[in-house]
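Structure record follows, encoded as structure tokens.
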Amino acid sequence: MEKDLERGTRLHVEIVQKGLLEHDTFVGSSLINMYAKCGALSSAKDVFDKLPLRNEVSWNALIGGYTHQGHGEEAILMFEQMQGNGFSPDNVTFACILKACGTTGMADKGMQIHTQIARYESCSTDIVVGTALVDMYGRLGMLIKAQEVFDGLPFRNVVSWNVLIARYSDHECHNEALRCFFQMLQVGISPTALTFLSTLKACGSMEVLDLGREVHGRLIKEGFPETDSLVGTPLVDMYVKCGDFEKAEQIFHGLNVQNVVPWNVLIAGYGQHGLDEKAFKYFKDMQLMGLSPDAVTFLCVLKSCGNMEELQKGQEVHDIIARDGLLEKDTSVMCALVDMYAKCGALEEAKEVSFELPKRNVIVWTVLIAGYVNHEHAQQALECYDQMLHEGFSPDIVTFPCVLKACTMTSSLDKGREVHTHIMKDNTLATDPVIGTALIDMYARCGFLEMAQQVFNKLPECRLASWNALIAGYVQHAQNEDALSCFEQMQLEGFIPDRITYLSVLKACGSLGAVHEGHAIHVQCVKDGLLDDDTLLGTAVIDMYGRCRMLEDAQDAFEELPAYDVVAWNALITGYSQHAEEEALRCFEQMQLMGFPPDLVTFISFFRACSTLGTIDKGLEGHRQVVTMGLLEDDMAVNNILVDMYANFGMLTDAHRVFEMLPARDVVLWNALISGYAQAGNDDIAFSLFDQMKGEGTEPDSFTFTILLNTCSHQGLLHEGQMYYEIMCSSYFMIPTLEHVACIVDIFCRAGHIEQAVAIIHRTEYFEDATIWHTVLAACRWQNSELVRWVSEQTVQMDEKNPGSYVAMSNVIASIGKGKGVKFQDLESEIFSDYFW
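One point on numbering: in UniProt numbering, the residue at position 827 of the sequence shown is 827, and numbering is uninterrupted.
Structure follows, in structure tokens:
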């Protein structure tokens, strides 16, 4: 092209020297056309400006040059100047300017010109102008209007059909593209190579292999050889997208011209179907054939390397890119390199490549942030986001969901709010449903459910993903009633739940014991066919029934699974173990007989079942098995349940031996051992273990003090009980639970210190809890009648609808009367004459 421009420039000089431009507008128009086609638009404009005479042809040459070189706005400006100078546009002008409107997205201007065309009869009936109108409306996405113009054409040729089919295909209206193709055949128009290109694209995009084969047959019938790369390459693309790789390769190997395009089609196709190894093989074969990869090749093969997480192969591609000098030339390839390294977990290399870019952009930053998030380096992702802002880059619609996910992973509610504030500054971002859903998810998972609901309520467009995020948040934070309310509301608003929805609501039903609702959801899943090939969803059904004590239904759901895995077995075994069913032990054995080795979750449920059922032999056998499998080394949960199991068996020496062998101990483990000794009546050892736990730097939790206070209560240890209650409140600043208060009240009452017990009740939030007052009332059998009167009054006030309160009082009165030698009726009248009667 440069050589042609050079020759054209020399010819231009000769024309000027001979004075041919002064009187011949045709020569001037030809010069403008030559410069425009060579891409030298400034030279074309210079010639145009110096023309002594201009006509419609010279104007059209310049307008056409701007249009065809992608400078649509300049073309439209020249079109307006042309009319301002008194020249009337003709068919050629309108065809060019309509294309300019379509490529620049200037819909208003295009419709204005359409109205203008209607005033010119010769133009309004011209097939070229009509086709240009169809093309313009199609490019603008106004496909109904494009079809309307097409239907109004006085006649249609293959070009107008091709334009309509291509525009439908461009906007992924593939059914319409195929409809037009077959309609075109019915009216007797013979398709061209361009027709087949668009039609095959539609077949591939829809993955309709049968229709693709039919179009292929028509292509052969029309005399187009599949060996011609012009139609052969689209055929390869169609067959690859439809998954017929054998046919795709057959056509590929038969092409008479081998260039980079069909290789790219094949490499991309294999990558899109997850056959990344095959894609990489063709990348290597392509080079062996002497073909140099282009930017498209590298984009495809880098994506495959990232998907495979094959760092070595990715580095090999990186070396080739560097050798070919594309690192400095193509930003998209550099972005793909960053993405590949990030997907392979080589985040430092990804960062290095991003910093080597001559000019970074928001895409590179987003790819880097996404890489950190996907590999659970959320803090680095947030640091990267801050650096991005510091360097003046504005995050976009893709960046923010990644950043919000990082906030979720780090539970950084403050950072999430900061990001939310940034989003609200841009209305486009603030109203985007994907970003809105990410905000809901962030707030919900961070426990700020009120804000999650507020964001949800303000969404201009609510999607199923938004409902799913809100429901999942409620379930995660045990607000299961709210989750089920949302589930009901989303259906009332016309949303159809998907597997993500059902996974959340089944968990909510299980937690609530809402078996009726859970069963209804199970029935709906079966009706929708969701359980036909989804073991995970089936496992959620098993878990729900197990939690609801519907163990036969859980077993039935298990047997209906499309395939078994360890997770499904775990759900069934856990359901049985939670309800002390021996079936848990049978399932544990059966899963292994069927070739499924137990994992940590399996053993936890198994040991829980052994502990509850008291099957010592099974527990010992399981312990040996878990040691053999090497599962004890790093997992605290299994060790905790083992200590708990041995303690429940009364085998405290074995429990202590397991405990002592552990390199690290958490509070759950300490609690299991302390509880075991306490239940066996070894109070001194239990108390000593508590002191040892503190000495080793492990902080007790609420359950630790429940164990200690229960022990003191059962043994009547007033001094120790007071001490542990004081330590809990003063040293660890814990707010006493109902169980804590009940224990300390019982301790005081057993010691006869009713007044102190009542004083403690008054200092807690459980003053109005009837359970506490029943404890005090039971202790009043050794007290005077005035105290009984007052305590009874408190008890009945808190629990006046419970007949048990009156029975308890009657028992106390009877005990007091017996001790004093007073008749029951007389004492009852004395105590309650004012209160009851």
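Here a beta-carbon is modelled for each residue, glycine too, at the ideal position from N, C-alpha and C.
Setting aside the 5 residues that flank it on each side, residue 376 is surrounded in the same chain by 409, each with a C-beta closer than 8 Å to its C-beta; the list follows chain order. Ranked by how close their Cα comes to the Cα of residue 64, the residues 769, 472 and 29 have 29 in first place. When rounded, the separation of the alpha-carbon atoms in residue 342 and residue 192 is 44 Å. For residue 497, the closest of 599, 472 and 602 by C-alpha to C-alpha distance is 472. Here residue 56 really is in contact with residue 87; their C-beta atoms are around 6 Å apart, less than 8 Å.
Looking from the CA of residue 747, the closest CA among 562, 765 and 720 belongs to 720. The residue among 733, 730 and 762 with its C-alpha nearest the C-alpha of residue 742 is 762. Straight-line spacing of the CA atoms in residue 603 and residue 297 works out to 49 Å. The continuous stretches of alpha helix (DSSP H) do not include residue 736, and DSSP gives it neither H nor E. Under the criterion of beta carbons closer than 8 Å, residue 478 and residue 504 do not qualify as touching, at roughly 12 Å.
Sorting 470, 686 and 446 by C-alpha distance to the C-alpha of residue 706 places 686 at the top.
Residues of the same chain with a CB within less than 6 Å of the CB of residue 411, apart from the 5 flanking positions on each side, are 446 in chain order. If one requires a minimum length of 4 residues, the alpha helix (DSSP H) runs lying completely within the stretch 582–662 are 583–593, 600–613, 616–628, 636–649 and 652–661, in chain order. DSSP assignment within the stretch 10–51 yields the following whole alpha helix (DSSP H) runs of 4 residues or more, N-terminal first: 25–37 and 41–50. Between the alpha carbons of residue 424 and residue 673 lies a distance of about 53 Å. Distance from the Cα of residue 613 is smallest, within the candidate group 643, 624 and 576, for 576.
In terms of Cβ geometry, residue 304 and residue 271 form a close pair [threshold 8 Å].
Every alpha helix (DSSP H) stretch that sits fully inside the stretch 677–733 and reaches 4 residues is listed by chain position as 683–695, 702–715 and 718–726. Residue 233 sits buried, since 16 or more C-beta atoms from the chains shown fall within 10 Å of its C-beta. Of 85, 34 and 48, the smallest CA-CA separation from residue 69 is found for 34. Your pair residue 347 and residue 372 checks out as a contact, with CB atoms roughly 6 Å apart and the cut at 8 Å. Spatial neighbours of residue 594 in its own chain (CB-CB distance under 8 Å, excluding positions within 5 residues in sequence) are listed in chain order as 564. Under the three-state reduction of DSSP, residue 150 is assigned to helix. If the five residues before and after residue 139 are omitted, its C-beta is found closer than 7 Å to the C-beta atoms of 102, 103 and 167, all from its own chain and listed in chain order.
Following the DSSP letters along the chain, one finds residue 158 inside the alpha helix (DSSP H) bounded by residues 158–170. According to the DSSP assignment, residue 552 belongs to the alpha helix (DSSP H) that extends over 551–559. In the DSSP annotation of this structure, the continuous segment of the alpha helix (DSSP H) that includes residue 351 starts and ends at 347–356. Look at residue 665 here: in three-state DSSP terms it is coil, with no helix or strand label.
Leaving aside the five residues that flank residue 554 on each side, the residues in its chain whose CB is nearer than 7 Å to its CB run, in chain order, 542, 545, 546, 572 and 575. Every alpha helix (DSSP H) of 4 residues or more that sits fully in the UniProt repeat "PPR" (361–395) is shown, in chain order, as 362–374 and 378–390.
Considering only 97, 144 and 72, the residue with the shortest C-alpha distance to residue 83 is 97. Membership of residue 140 in any alpha helix (DSSP H) is not indicated, and neither H nor E is assigned to it by DSSP.
Taking a C-beta distance under 8 Å as the contact criterion, residue 204 and residue 242 qualify as a contact pair. Annotation: residue 239 to residue 165 spans about 20 Å, alpha carbon to alpha carbon. Taken in chain order, the unbroken stretches of alpha helix (DSSP H) that lie wholly in the stretch 750–779 and span 4 residues or more are 754–762 and 770–779.
Leaving aside the five residues that flank residue 509 on each side, the residues in its chain whose CB is nearer than 6 Å to its CB run, in chain order, 517, 518 and 544.
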